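Written below as structure tokens is the structure these notes are about.
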Amino acid sequence: MDNASVGNIHLKARHFIGRCQKEHFTYVRKICVKYHTGPWLWGVEYILLDKCTKKSQSRKINRMLSNESLHSPVFNRSLSQVSVDSTSMEDFWCEVESIQESNEEGQEGNMVMEVKPADEGELEAEWLQEVGLSTLISGTGEEDGQALLSTLTRTQAAAVQKRYTTYTQTMRKKNKHTVRDVRDIFGANDSSPTFDPMPVSPIPINGLQLPRIKPVWKPVKSCLEYGLEKASPSVAEELSFEASFSEAIAVDNKIQEFPKNQRIKKDDSALPKFIVWKSRFGLTEVGDLSLEDMKKIRYLSLIELTAFYDALGIELKRNRTARVKGRESGLFGVPLTILLENDQKKLPGTKVPLIFQKLLQKLEESGLDTEGILRVPGSALRVKTLRQELEATFYEDNFDWNQVRSNDAAGLLKMFIRELPSPLFTVEYLPAFIALVEKISKIKLQLQALHLLIMLLPDANRDVAKALLQFLKKVVANEDKNKMSLWNVSMILAPNLFMCKGKSANQEEMKAAASTAHIVRLLIRYQDILWTVPSFLISQVRKMNEAAATNTKKQLTFDKSVRKLLRRKTMERERPERRREQTDVPEGVIRVYAPLHSKVSMAIQLNSRTKAKDILARFHCENSHGPSDYSNEPSQSLYEIGGNIGEHCLDPDTYMLDVYHANPQAEWILKPKAS
């Protein structure tokens, strides 16, 4: 073996020794070289004395410093891992080792999340409940289910029909109770509907038998085996959210073949660039809709994700987990919902736990230019001590953040994420996250699947994930100083985000090591796209609300007392002053209310060029008396409220006449946007 190879081995050994010293161990034995038959294998034997606990018992660690042993010292390597450059996985395995060491030392919680097997038919029943169609099982409140069913596209309706058929067949076999025939819901008409691919006009499925949609894409073994498509990083591809993702696949009859024997590279510049095409309705972020409308977005997102995977020939698997009860007080190991309830008592409107905000703030202030931030571990003793101090004094507002070093803050941040009773990206859909990498080859399709999975997240999880990814984006932006590339950051965060504390989950999770790292890379790189609500889902929510309102009106017509009340209200509306108000707002004119302005309302004539930002500028101009007044006014947004939407914060570039035609019954309010 040449001197360069020997030097490389000793360099790796010194790196390992340095890590041990950071953990307050004492290195007592020298490197010894062993020779085995075949190629040279260099072995390093250490005896480490724990200075923190001052235990007399020594710990013996044997590590082979070959590439293979360095990257996966404990777990078997899967196809996914083999298909990635071995040197690019070093950070991942080092982070896994660090996590295991902290577990052994008792720093992690003792809660274990159990993944339970599902009985036949139970997954379908749970799926129907999660998409808001529990009425198909119970048989009560059918109007709510019909409102949702009436908005579905053909591929979405086929996905619902497939799950409901499986459920009914299973229930009949078990003879538990009588269930309705699928034809009672989807109809038995043999004529297939003519399909309009525009998402704003989804196909009603009542009374129609939907054709069986066969996958038109060949399932691929793994994008890690076949490789990602080659895209020119300088050319940005345009993404449109106007059409259903699953419909776009179903109408494309081309079967794409992928080149074999290519690997995912850690070169971040190889990732393609995407830009989002902005329609006349503008773009809508997840925080721009009311909670009730976001609940419907989740229903539709799960249906669309299922239809999307069906169209690609991929089985959408889901974990069933036993409920895990976390701590009800404290900071670490506490469910996000409980943390937020406690924090909102102190600071109303809080969406991200205060301790998480403080850790991110500390790292942004002093850690972005720290070399190896997130990768280089802090002192185990200091991290443990800081955690205890935070648990005891955080809410007393007397904790000294100046004493916290950047690497220790990074350790606390990762510990907070790992110790959540339920993973940030939910253990239920972990198989769906893995499948989007291992079964889908085009990054554009991976991004669409990931987009729908983000829409499925609970509000608290999504808000915390957004704050985390925004911070990670800043870390990557300072790569020149901190030496942390997008790939490095993804390697470090992947085991913290996707390793749930399951009884037998480690082996399976390690098989998906490269997949989870690639997922984190997509999350960081394309986060601005992922927080945008697809406009075709918003169109479906509008139609769902309209259908629900129509059903409500039909029910009210049978109530005599309500009819009398409506007649009385009608008489009131016919009063002269009411008629005069109606004539003040002719077609194409909206009245905008601004409670915080001196001029609280204004009638505005819309034309094809009027944007939301034009209305904002009009109010600012009317209410300001100079440049100083204009600059001191709080930032406000225009909201669309009522009609066929709950509440919708409009993009400044929204063309108002288009929204007016889509929702003529809405009210228009100017108010500050919730942070």
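Numbering (the working numbering), first residue to last: 648 to 1322. Cβ atoms here follow ideal geometry from the backbone N, Cα and C, with glycine treated the same way. Keep in mind the model is a prediction, meaning the values are calculated, not measured.
- Excluding its 5 nearest sequence neighbours in each direction, Ser-948 has C-beta neighbours in its own chain below 7 Å: Leu-1099, Met-1102, Leu-1103, Leu-1184, listed in chain order.
- Beta-bridge annotation (DSSP): Thr-1179 is paired with Glu-932.
- The three-state reading of DSSP puts Leu-886 in strand, counting E and B together.
- By the neighbour-count criterion, in which a residue is buried when 16 or more other Cβ atoms sit within 10 angstroms of its Cβ, Cys-1268 is exposed.
- Your pair Leu-775 and Tyr-811 checks out as a contact, with CB atoms roughly 7 Å apart and the cut at 8 Å.
- In this structure, Gly-1058 lies near Val-1030, with their beta-carbon atoms less than 7 Å apart.
- Contact between Phe-1080 and Ile-1139 does not hold, since their C-beta atoms are separated by about 18 Å, which reaches or exceeds 8 Å.
- Note on geometry: alpha-carbon atoms of Pro-1311 and Glu-1287 lie some 10 Å from one another.
- For the pair Leu-1317 and Ala-1241, the CB atoms are nearer than the 7 Å cut-off.
- CA-to-CA, the gap between Lys-1089 and Leu-796 works out to about 30 Å.
- When the beta-carbon positions are compared, Glu-1038 and Gly-977 come within less than 7 Å of each other.
- Asp-899 and Leu-1007 have their C-alpha atoms some 44 Å from each other.
- Exclusion of the five residues before and after Phe-1046 leaves Glu-1036, Leu-1037, Thr-1040 as the residues of its chain whose Cβ lies within less than 8 Å of its Cβ.
- For Gln-1252, the enclosing beta strand (DSSP E) covers residues 1248-1252.
- Of the candidates Glu-975, Gly-960, Lys-1200, Val-882, the residue whose Cα lies closest to the Cα of Pro-1068 is Glu-975.
- With contacts defined as CB atoms closer than 7 Å, Ala-890 and Thr-802 fail to qualify as a contacting pair.
- Annotated three-state conformation of Tyr-814 is helix, per DSSP.
- Between Ser-1284 and Lys-1246, the C-beta spacing is not below 7 Å.
- Proximity of the region 1014-1027 to the region 1115-1135 meets the contact definition, three or more beta-carbon pairs being nearer than 8 Å.
- Within its own chain, the residues whose Cβ lies closer than 6 Å to the Cβ of Gln-1093, once the five positions on either side in sequence are excluded, are Leu-1083, Ile-1087, listed in chain order.
- Contact between the region 988-996 and the region 1105-1112 is absent: fewer than three C-beta pairs spanning the two stretches fall below 8 Å.
- The C-beta of Asn-1143 has 16 or more other C-beta atoms within 10 Å across all chains shown, which makes the residue buried.
- At a Cβ-Cβ threshold of 7 Å, Phe-888 and Pro-1070 do not count as neighbours.
- Boundaries cannot be given for Lys-1086, as no beta strand (DSSP E) includes it and DSSP labels it neither H nor E.
- Across the structure, Asp-1300 and Val-1111 are spaced so that their CA atoms are roughly 28 Å apart.
- By the 16-neighbour rule on beta-carbons within 10 angstroms, Gly-1025 is buried.
- Pairing Gly-1290 with Ala-1313 gives a Cβ-Cβ distance under 7 Å.
- The C-beta separation of Val-743 from Leu-780 comes to about 40 Å, leaving the pair out of contact by the 8 Å criterion.
- Counting every other CB atom within 10 Å of its CB across the protein chains shown gives Ser-1186 a total of 16 or more, marking it as buried.
- By the neighbour-count definition (other C-beta atoms within 10 Å, threshold 16), Pro-919 is a buried residue.
- If you draw a straight line from the Cα of Gln-1117 to the Cα of His-1244, it is about 33 Å long.
- By the neighbour-count definition (other C-beta atoms within 10 Å, threshold 16), Gly-929 is a buried residue.
- In this model, Val-933 and Thr-1199 are separated by some 28 Å (Cα to Cα).
- Cβ-Cβ distances below 6 Å link Leu-886 to Phe-921, Val-923 in the same chain, with the five nearest sequence neighbours on each side left out; the list follows chain order.
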